[in-house]
Every structure is written in structure tokens, then in C-alpha cells.
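J.: Under my numbering, the first residue of the sequence shown is numbered 57, with each subsequent residue one higher. C-beta atoms are modelled at their ideal positions from N, C-alpha and C, and glycine is treated no differently.
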Amino acid sequence: MSKAFVSVEGLSKHYPSPGKQSDLIVFDQVNIGIEKGDFVCIIGHSGCGKSTILNILAGLDVATSGGVIMDGKEISGPSLDRGVVFQNYSLLPWLSALQNVNFGVRARWPNWSKAEVEAHSTKYLNMVGLANSLHQKPSQLSGGMRQRVSIARAFATQPKLLLLDEPFGALDALTRGIIQDELIKIWSADQQTVFMITHDVDEAILLADRVLLMSNGPNARIAESVKINLPRPRERAHIIDHPGYYKIRNHLVNFLVNCSNQPARADSDRHATPIEIDPLVEVPHAGEEKPVTETGAGRKPAGSSLVSSIDSAPSLACRSGSDSTIF
Ligand SMILES: Nc1ncnc2c1ncn2[C@@H]1O[C@H](COP(=O)(O)OP(=O)(O)OP(=O)(O)O)[C@@H](O)[C@H]1O
Ligand SMILES: [Mg+2]
């Protein structure tokens, strides 16, 4: 049987709970398969364990049990095959923006000349809009600018697997859009595989092939793997006009608002791989699957915006009145 490019197998993370008899089980028996070239987003409420999973994938944290195989080898520490953008943009504070990126590039291509390294790093810093801040140190940059240095550093090393922990959280909407577009260009040109944490449902639909939905901790699990079956290239200005857009969005929002705190029903459920869901395929009633038609459910009401409230969910079984799409 062929294995996925990245195979997360039975991953659990426990911490001792001082004064309590049992450990804190952050997540338990997480199983994920990621194919080469897949763009996978993971969404879940704060504290459920997303960054912990990403850090284990990066080789920077260890699981209590289970493991991760990438390209046939078990992950046992950091590697240049995996580029990380951390939630808190970890930069070396004594180096300038350019030197921070050079550091990664030099490690990746040790035979390159100084000029080649600088030209390559500068190209990626230009790409994230920092052409005028190459020689500034992190303390002289805003939070969003530091995050962009961190993004440039990860992109510049062209890793096989990009691990992005809320990479655009600190950016204004315009910059975020520009860098999202660059990410898509890099991903499609270099056939990279991306695993990205986001709290933004609309961002996940714009970027991902698949969204993993994580239930709340403790004892969190990946409950669903939701297919984003919208054609590419996707344009942010037009994606909401696709007849399936709101069907997918409603499914994700409904999970986060109403279903993410449901405990696993049974031990066997908790240990299972996530349920595969394609919101654009009707639940088969008579053994037959029907795709959503052009005039099908999920079309946005006139005048709503990309970041509007949960506004067109007539088919949702358990709906609440939340206004937010950032979780
Ligand atoms: N050293 C530690 N000791 C005990 N518990 C810890 C430790 N580190 C993390 N945790 C717990 O592990 C859980 C998962 O943390 P993690 O940072 O992975 O969450 P997250 O899903 O990334 O959250 P957010 O969306 O807020 O970034 C949290 O409940 C946190 O309190
Ligand atoms: Mg986190």
C-alpha cells in the first residue's frame, strides 16, 4: 500500500498536570495523510493543539506517542526539507532582515557565493514588500514586517514541506492578499506541500485543497477532512460567486460554532482517521451522489461581503448567531 508523502500516525501529546492524577491529554491518536503537492489548512479553536502538531511536524517538539513519516523517513528533528513560519515570527534579533534570510539560504545552498545568497534572499524580501528594510534589525521592524521576514526566510529555502503557523495573522488586509498570492505562486511553481494553521475560514477556502477541522481540547481530535473542491486559479474577488462557495463556508463555520466541542462518541471514533467530507456533494440518500448545481444552495445573498456574518445557511442543522469568520 502506498504511503502519503507525510503520514501522521497515532500522534498524541500529554503534559503532566501538577496536583492531578492524570495527565493533560492535549490531543490523542491524531492521524493525517498529506499527499505531495497538497495544500492543507487546519482550523480549530485556540488551545486545541494545532501549533503542537505543527511543531512536531517541524521536528521541534516530540509526541508522547505516535510519530510522523515524511518521504519515507521518520521525523526526528529539524531539517532544511521543512520550512517553518512560526506564530510568533522567531527571528535572530542581532541580525538584519537580509541577514536573517541569508542565514537560511546559506544553510540550504552552502556552495553558493555571498553574492548569490544575497541576490536570492533579496528577491524574497522584495516579494514580501521589504525592499526598503533589508538592513533593519527585528527590533526596528513592526510585528507585521517581522512576520514578512519570517515568511521570506521560509519561502526562500524552498523546502519540500512548508509549515505555516498563522502566517498572515499580523498583516493588514492588503499585504495579506499580496502575500497569499505569492504563496500560491510559489506553491504551484515549486510543487511544494503546505500545512498551514489559520483561524480565517475564508483564507482557508481561498488557499487550501483540504481543510482539517480539529475539535476542542483537551482530548482534541481531527474530526473532519473537508475537501475544497473549487476550481483554481481562485481569485479572491470572484471566489464568493462560485455556487459552491457558501456551501463549503457554512460547513466549516457550522463545525466551529456548533460541533467542535462535541466529544468523540466512542473510543473507536476517537481513534479513527478524520471523516472525509465534500460539502459540494449531497449526502447520498439512495446510494447515489449528486453534485451541487449552478443554482444550488449556498449562493451568497446580494450585497454580502467576503467577511460577512454567517448569512446563508438555510440547510444547517444546528446554527448559531455568531458574526465572526475568524476563530
Ligand atoms: N509546556 C506545556 N505544559 C502544559 N501544557 C501545555 C504546554 N505547552 C502547551 N500546552 C497546552 O497545550 C495545548 C495546545 O497548545 P497549542 O499551542 O498547540 O494550541 P493552538 O491550537 O496552537 O492554539 P492557538 O490557536 O491559540 O495558537 C494548550 O491547551 C496549552 O495550554
Ligand atoms: Mg497556535
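Asp84 by DSSP, collapsed to three states: which one?
T.: Locating residue 84 in the sequence shown gives position 28, counting from the first residue. Strand.
J.: Can you give me the start and stop residues for the alpha helix (DSSP H) that Arg277 sits inside?
T.: As a working note, residue 277 is residue 221 in the sequence shown. That residue, Arg277, is in no alpha helix (DSSP H); it is neither H nor E in DSSP.
J.: Taking the beta strand (DSSP E) that His70 belongs to, which residues open and close that run?
T.: Residue numbering aside, residue 70 sits at position 14 when the sequence shown is read from its first letter. That run of the beta strand (DSSP E) goes Val62 to Tyr71.
J.: Name the DSSP bridge partner or partners of Arg138?
T.: Within the sequence shown, numbered from 1, the residue matching residue 138 stands at position 82. Note: Arg138 sits in a beta bridge opposite Leu217.
J.: Taking 6 Å as the cut-off, is the beta-carbon of Ser107 closer than that to any non-hydrogen atom of ligand 1?
T.: Your numbering for residue 107 matches position 51 in the sequence shown. Correct: Ser107 has its Cβ closer than 6 Å to ligand 1.
J.: Check each candidate in Trp243, Ala226, Gln248 and Pro194 and name the one with the smallest Cα separation from Gln256.
T.: Residue 256 sits at position 200 when you count from the first residue of the sequence shown. Correcting the residue type first, residue 256 is Asp in the shown sequence and not Gln. Checked all of Trp243, Ala226, Gln248 and Pro194; the closest Cα to Asp256 is Ala226.
J.: Am I right that Ile235 and Arg204 are in contact with their C-beta atoms under 8 Å? What's the rounded C-beta distance?
T.: In the sequence shown, counting from the first residue as 1, residue 235 sits at position 179. In the sequence shown, counting from the first residue as 1, residue 204 sits at position 148. Contact holds; Cβ gap of about 7 Å.
J.: To the nearest angstrom, report how far apart Val82 and Asn182 are at their CA atoms.
T.: For the purposes of this step, residue 82 is taken as the residue at position 26 of the sequence shown. For the purposes of this step, residue 182 is taken as the residue at position 126 of the sequence shown. Whole-angstrom Cα-Cα distance: 39 Å.
J.: Cα separation between Glu91 and Leu219?
T.: Looking up residue 91 in the sequence shown gives position 35. Looking up residue 219 in the sequence shown gives position 163. Taking the straight line joining both Cα atoms gives about 14 Å.
J.: What separation, rounded to the nearest whole angstrom, lies between the Cα atoms of Thr108 and Tyr145?
T.: Along the sequence shown, read from residue 1 onward, the residue named residue 108 stands at position 52. Along the sequence shown, read from residue 1 onward, the residue named residue 145 stands at position 89. When rounded, the distance between both Cα atoms is 16 Å.
J.: Helix, strand or coil: how does DSSP classify Glu350 here?
T.: Looking up residue 350 in the sequence shown gives position 294. The predicted position of Glu350 is uncertain, since its pLDDT is 38 and thus under 50; a value taken from the coordinates is nonetheless stated next. Coil.
J.: Sorry if obvious, but does the Cβ on Gln143 come closer than 6 Å to a heavy atom of ligand 2?
T.: Sequence index remark: in the sequence shown, residue 143 carries index 87 (1-based). Yes, since a heavy atom of ligand 2 falls inside the 6 Å radius drawn around the Cβ of Gln143.
J.: Straight-line CA distance for Met270 to Ala210?
T.: As a first step, residue 270 is located in the sequence shown; it is residue number 214 there, counting from the start. As a first step, residue 210 is located in the sequence shown; it is residue number 154 there, counting from the start. Distance between the alpha carbons of Met270 and Ala210: 25 Å.
J.: Within 8 Å, do at least three Cβ pairs link the segment 232-248 to the segment 85-103?
T.: Touching, per the Cβ criterion.
J.: I need the DSSP call for Arg266, collapsed to helix, strand or coil.
T.: On the sequence shown, position 210 is the one that residue 266 refers to. Strand.
J.: Taking the beta carbon of Pro223 as the centre, do at least 16 other beta carbons fall within 10 Å, making it buried, or is it exposed?
T.: Position 167 of the sequence shown, counted from the start, is the residue given in the question as residue 223. Label assigned to Pro223: buried.
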